[in-house]
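Residue numbers (the working numbering): 26 to 122.
Virtual Cβ for every residue (Gly too), placed ideally from N, Cα, C.
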């Protein structure tokens, strides 16, 4: 899994079968333990949990994304968790507001 920050939504009125019931999110990979540095890759991920803009999330990729969403869903990245806090080397580097 990868840590990422939700930047916003991607609106698509026509979607492949299996994607119709899911919101698509624009997310950016975290590049450090506090999730505040810009510069990670930006991509679209299927939202399975109702994440909102600005939240730090866990993104499953590849086969793990398909398992979470259902094998018939044509997605290779899926938001599967909302992060409450990150503790790195004994220090809290991120705390959800």
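Exposed unless 16 or more other CB atoms sit within 10 angstroms - verdict on residue i
| i | result |
| --- | --- |
| residue 50 | buried |
| residue 29 | buried |
| residue 85 | buried |
| residue 117 | exposed |
Terminal residues of the beta strand (DSSP E) in which residue i lies
| i | result |
| --- | --- |
| residue 28 | 27 to 35 |
| residue 106 | 102 to 107 |
| residue 66 | Unbroken run through residue 66: none, as it is neither H nor E. |
| residue 56 | Taken as a continuous stretch (DSSP letters only), residue 56 belongs to no beta strand (DSSP E), as it is neither H nor E. |
Close Cβ partners of residue i (< 6 Å) along its chain, the five nearest in sequence each way excluded
| i | result |
| --- | --- |
| residue 90 | 100, 101, 102 and 103 |
Contact check, residue i vs residue j, beta carbons under 8 Å
| i | j | result |
| --- | --- | --- |
| residue 52 | residue 41 | no |
| residue 55 | residue 65 | yes |
| residue 105 | residue 74 | yes |
7 Å CB neighbourhood of residue i in its chain, flanking five on each side removed
| i | result |
| --- | --- |
| residue 109 | 121 |
| residue 31 | 50, 52, 76, 77, 78, 79, 80 and 82 |
DSSP-derived helix/strand/coil call for residue i
| i | result |
| --- | --- |
| residue 91 | helix |
| residue 44 | coil |
| residue 118 | strand |
| residue 74 | coil |
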